[in-house]
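The sequence shown begins at 476 in the numbering used here and counts up by one.
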Amino acid sequence: MSKRVEDLTLAEAKAELGGLAQQIGRANRAYHQQDSPEITDADYDALKRRNTAIEARFPQAKRSDSPSDQVGAAPSEGFGKIAHQVPMLSLENAFDPEDVIDFDRRIRSFLGHTEALAFTAEPKIDGLSLSIRYEHGTLIYAATRGDGDTGEDVTANAGCIPDIPQTLLDAPEVLEVRGEVYMAHEDFRVLNDRLTAAGEKPLANPRNAAAGALRQLDVAVTRSRPLRFFAYAWGALSQELAPTQLGAIERLRALGFKTNPLTRLCQSPDGLLAHYAQIESQRAVLGYDIDGVVYKVNELALQARLGYRSTTPRWAIAHKFAAELAWTRLESIVVQVGRTGALSPVARLSPVTVGGVVVSNATLHNEDYIAGRSRNGELIRGGKDIRIGDWVQIYRAGDVIPKVADVDLTKRDPAAQPFTFPQICPDCGSPAERQAGDSVRRCSGGLICPAQGVERLKHFVSRGAFDIEGLGAKQVEFFYADEVLPIRTPAQIFTMHARDAANPLQKLKNRDGYGEASVAKLFAAIETARQVRLDKLIFALGIRHLGETAGAVLARHYMDWTAFEAGVLAAESGNAAWAELTSIEGMGNVMAQSLVAAFRNPAEYAAIAALIGHLQIQPVKPRAVASSAVAGLTLVFTGTLEKMSRAEAKARAEMLGAKVAGSVSAKTDLLIAGPGAGSKAKEAEKLGIRIIDEDEWLRLAAGT
Ligand code: IVH
């Protein structure tokens, strides 16, 4: 029995608070990091109550790391991370029947198939994807998609979803089941009624509700918010589930998973479109949100041949439903400056619900879009311009930023004037210029423009880039304007800790909004961020035209920073390095030019070099199979391939860990020459490069 709090001495109180901090901390870790809880909820509450009581009587003994200051007792680390053994990909989108016909055509051309292909078609569930790993039939962990390579450990939360079995009978030794966690309309309504009755804010839509419910450090909250799960795919497997997509889904159902009852096998694009219409007609009465129909090649052997691009499979596509529409009033137009200096007009709207989400902003793209006439004189919205005060029709397709579909001219105030687009940067006042052939007006202030500086930094720390916990958009704005501990360049993020340590008077921990713990956490997060993956780093640089996919394809091609930097610096229109850069699948000329220009710009290059000095850049692990005869080699294909399309050969080579270049150079290891090979074969001969024919390539590609 412990002493009554009233009877404790100060020394005893101090000692006990130390012990309690340890015990509570340990219980938090056991509970939240999803090891099994070590003590019951009642015992945990008793510890917390005793801690609070002692602190109330001896405020002077309260510890700086007191458990009572930890909101909701959430551990500062948040969720554990889980690396997906097989990446979790996203899907390419189709918006109209043409896109679907094209999808089928592209696949058949890749495979060199002339006959019809069978596809499955099933609803695209609007929830969040989850990967659940079973070993010997026992659930080992569940992870969110995250960035596709690493997700969050939500094992304990997934345990609260009745549709997810804890154990499986007759399952492969290793089985990762993938699917969508969602909330049914009825459950969503009941939950929102409950929240409203409790005086809390209702949730915007079932998807947000599902995401919020799954990502709860406090599992009790997950348990109180009914979630469901449809299985539609798989990750790592020790044994094939079936020879076809449909068979595999059937097998998952037999193992005890819910699979979508509207899944069908279709024999042609027409069949897919017919089933799409069927699903769309039932959309309103399904009882859960869907935002399209997913088509997948049925034969798994063909799926394997088709393989993946950097973030999407070639064998599947999501055919999205048409966007939802709503009318509202345009209150004002503000012009924001982006990280590349682009002046981006944004419509401020009278809030309106579009497809379950309240929208109060819409993008207006550029001045031509507002004027209703493109730079080549084509009409936009039938030539209707957009004026402040107009009634505008807003559309929203899934996660896409809302846009203006139409303007109601009958409701226009006769006094309304056409919008005058600013000719100077609203932030730094530099002239805003428009290059010939560009619809975007850009601030010419470059590095002196604070708006561009802040936006670049926001991009740098964003998800998909450095993603530093505790350094989001809000904090970036704060530190950008800060005189004591300014961050105006990416490199300065990594000198923050040292600068703070060297400042004897104004420590960050003593400033508004910060304390010892939050500062320690921020510096720890920055420390961790020094270890950065090459693809994320390239994306983070914020070079115009280079998005996340470009970061991924460049990283996969050059493999490490040194090779990437050397390749870009050496590239000059027409030379071998330029040919290498532009031969990378997914790298267009415009992207390559923008990349090379950024590295050539002395100020930009200096900023990049300063940053690199603070980082440990992780080279890309080849996504290759265990051993392959061509792993690490640079291949060039030339002439006609007769047994495999050029696209498939290239994809196969990349899957086997090889690089494929468009032209022969001293770096080429192997030339695969089909009939009709010309100058490339001659060049290879001259350089003493090994040349093989298609049959030999097929043997290599098959791993024999
Ligand atoms: S298949 C390799 N099937 O859509 C392809 N995805 O936009 C794996 N989704 O990340 C995905 N319903 O979260 C597939 N029936 C379905 C789906 C589905 C919803 C989600 C999934 C994916 C996202 C891509």
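In this text, a Cβ means the ideal position worked out from N, Cα and C, and glycines have one as well. Fair warning: this is a prediction, and the values are worked out from it, not measured in the lab.
Heavy atom of ligand 1 less than 7 Å from the Cβ of residue i, yes or no?
| i | result |
| --- | --- |
| A685 | no |
| P637 | no |
| P820 | no |
| E655 | yes |
| P788 | yes |
| E651 | no |
| L566 | yes |
| A706 | no |
| K556 | no |
| V1043 | no |
| K996 | no |
| R931 | no |
| S785 | no |
| K461 | Outside the shown range of the chain, which is 476 to 1179, sits residue 461, and nothing can be said about it. |
| S606 | no |
| A793 | yes |
| V810 | no |
| V1181 | Because the chain spans 476 through 1179 in this model, residue 1181 falls outside it and cannot be assessed. |
| R620 | yes |
Take the Cβ of residue i as the centre, count every other Cβ of all protein chains shown within 10 Å, and call the residue buried at 16 or more, exposed below.
| i | result |
| --- | --- |
| Q535 | exposed |
| R938 | exposed |
| P826 | exposed |
| H611 | exposed |
| N526 | buried |
| K1118 | exposed |
| K1157 | exposed |
| Q910 | exposed |
| R479 | exposed |
| A791 | buried |
| A1038 | exposed |
| V833 | exposed |
| A1159 | buried |
| D482 | exposed |
| K771 | buried |
| H660 | exposed |
| E1129 | buried |
| G654 | buried |
| T589 | exposed |
Whose C-beta lies closer than 8 Å to the C-beta of residue i among residues of the same chain, with five residues either side of it excluded?
| i | result |
| --- | --- |
| G626 | K556, I557, H559, M563, S606, A618, T619, R620 |
| F1074 | E1040, V1043, L1044, Y1080, I1083 |
| P1094 | L1009, M1034, D1035, W1036 |
| R823 | L805, E806, S807, I808, V809, S835, N836 |
Please work out which residues of its chain come closer than 7 Å, Cβ to Cβ, to residue i, disregarding the five sequence neighbours upstream and downstream, and give them in chain order.
| i | result |
| --- | --- |
| I899 | S905, P906, A907 |
Near residue i, what residues of its chain come up, given a Cβ to Cβ distance below 6 Å and the 5 sequence neighbours on each side ignored?
| i | result |
| --- | --- |
| A688 | T697, R700, L702 |
| A1015 | F935, A940, F941 |
Could you check what DSSP says for residue i in three-state terms: helix, strand or coil?
| i | result |
| --- | --- |
| W709 | strand |
| G947 | coil |
| P826 | strand |
| Q1006 | strand |
| F896 | coil |
| I529 | helix |
| K523 | helix |
| A866 | At residue 866 the sequence reads Trp, which differs from the Ala that was named. Here W866 sits in strand by DSSP. |
| Y989 | coil |
| G921 | helix |
| K1142 | coil |
| W790 | coil |
| E942 | It is worth fixing the name first, because residue 942 is Asp in this sequence and not Glu. Three-state result, D942: coil. |
| F704 | strand |
| L605 | strand |
| R804 | strand |
| Q742 | coil |
| Q509 | Low confidence applies to Q509: its pLDDT is 45, below 50, so where it sits in the model is not reliable, and the reading given next is rough at best. Coil. |
Segment contact, 8 Å Cβ cut-off, at least three pairs: the segment 788-797 with the segment 565-574: yes
The segment 1063-1080 contacting the segment 1161-1171, beta-carbon criterion three pairs below 8 Å: no
Stretch-stretch touch, CB-based, cutoff 8 Å, three pairs: the segment 804-811 with the segment 776-785: no
The segment 646-661 touching the segment 710-718, judged by at least three CB pairs closer than 8 Å: Cβ pair count under 8 Å is three or more, so yes.
Three CB pairs or more closer than 8 Å across the segment 748-757 and the segment 579-593: no
Stretch-stretch touch, CB-based, cutoff 8 Å, three pairs: the segment 884-891 with the segment 857-876: Contact between the segment 884-891 and the segment 857-876 is present, because at least three Cβ pairs lie under 8 Å.
Stretch-stretch touch, CB-based, cutoff 8 Å, three pairs: the segment 758-776 with the segment 838-846: no
Given 8 Å, three or more beta-carbon pairs between the segment 1054-1073 and the segment 1132-1151: yes
Cβ contact check for the segment 911-925 and the segment 840-855: 3 or more pairs under 8 Å: In short, these stretches touch, since the Cβ pair count reaches three.
contact_flag[the segment 652-666, the segment 675-687] where n(CB pairs < 8 Å) is 3 or more: Short answer: they touch.
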